[in-house]
Amino acid sequence: MNIEEIQAQCESMSNEQLLLVVNNKRLYTEKIVRVAYQEIGRRRLSKEEVKVIEKKHARKSRIITGDIHTDILLFEKIGVFFICIPFFGGLLIRDYRRKGYVLKTRQIMYFNLLGLTFLLADVFLGMNHLSLLTGIIIWIFSFLPTYYFNEYYFRQRIIRWLEARTQDPDEAEKG
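Each number in the numbering used here comes from the position in the sequence shown (counting from 1) with 1 added on.
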């Protein structure tokens, strides 16, 4: 990217986006940060405007630091569902929580809990009413409704909840 393209992009950015670039220098190249500083200087933002925007950024970063739309991978869903030992899921939850991925931690808990629940229910059914093999087969196929419920309901509900939490209260009143 050349300087002219970066300048054009920075000119089209809002004040909030420019300050986000400047406050997260490690995520951008030196050229981009320098042009963002120049654009902020050209716009002559007051200290009060900068404070208000940084306060919004601080509020959002306190709540969620990771991407709220990032889903766990299919093999993670399968692994956590079928290896439903709480310790295994707990390790993944701990790692994702450190990185700020709220959606991923919720999905790990969801698949782990439902995997364990279906396993216990199907083993109980298999030992008391059916054969144990039938119970295990039912448990394996119970992954499908769990997966589709996550795809079409659970994940979307969590994303809407997270977006509502990160939304600025002033914007929520306007919208």
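A virtual CB, placed ideally from N, CA and C, is assigned to each residue, including glycine.
These numbers were taken from a predicted model, which means no experiment stands behind them.
Do you know how far the Cα of residue j is from the Cα of residue i?
i, j, result
"Gln157", "Tyr97", "19 Å"
"Val36", "Cys11", "7 Å"
"Leu104", "Lys57", "21 Å"
"Gly90", "Ala122", "20 Å"
"Leu133", "Lys100", "40 Å"
"Ser47", "Met14", "17 Å"
"Val124", "Ile137", "7 Å"
"Glu5", "Arg43", "16 Å"
Only counting the same chain, and skipping five residues up and downstream in sequence, which positions put a Cβ closer than 7 Å to that of residue i?
i, result
"Gly116", "Val81, Phe82, Phe83, Cys85"
"Thr30", "none"
"Ala173", "Confidence at Ala173 is low in this model, with a pLDDT of 47, below 50, so its placement is unreliable and the value that follows should be read with caution. Contacts found: none."
Within this structure, are the beta carbons of residue i and residue j separated by less than 8 Å?
i, j, result
"Ile33", "Ile7", "yes"
"Tyr38", "Val23", "yes"
"Ser50", "Asn16", "Just to set this straight, residue 50 is Glu in the shown sequence, not Ser. Yes, these two residues count as a Cβ contact at 8 Å."
"Leu21", "Ile41", "no"
"Arg107", "Ile159", "yes"
Skipping 5 residues on each side, what residues in its chain have a beta carbon closer than 6 Å to that of residue i?
i, result
"Phe119", "Trp140, Ser143"
"Arg45", "none"
"Leu92", "none"
Keeping to the same chain, check which residues put their C-beta closer than 8 Å to that of residue i; ignore five residues upstream and five downstream.
i, result
"Thr71", "Tyr102, Leu104, Lys105"
Subject >> Any 3 or more C-beta pairs closer than 8 Å across the region 74–82 and the region 141–158 >> reply: yes
Original post:
With contact counted as at least three CB pairs below 8 Å, one residue from each stretch, are the region 146–162 and the region 110–117 in contact?
Top reply: yes
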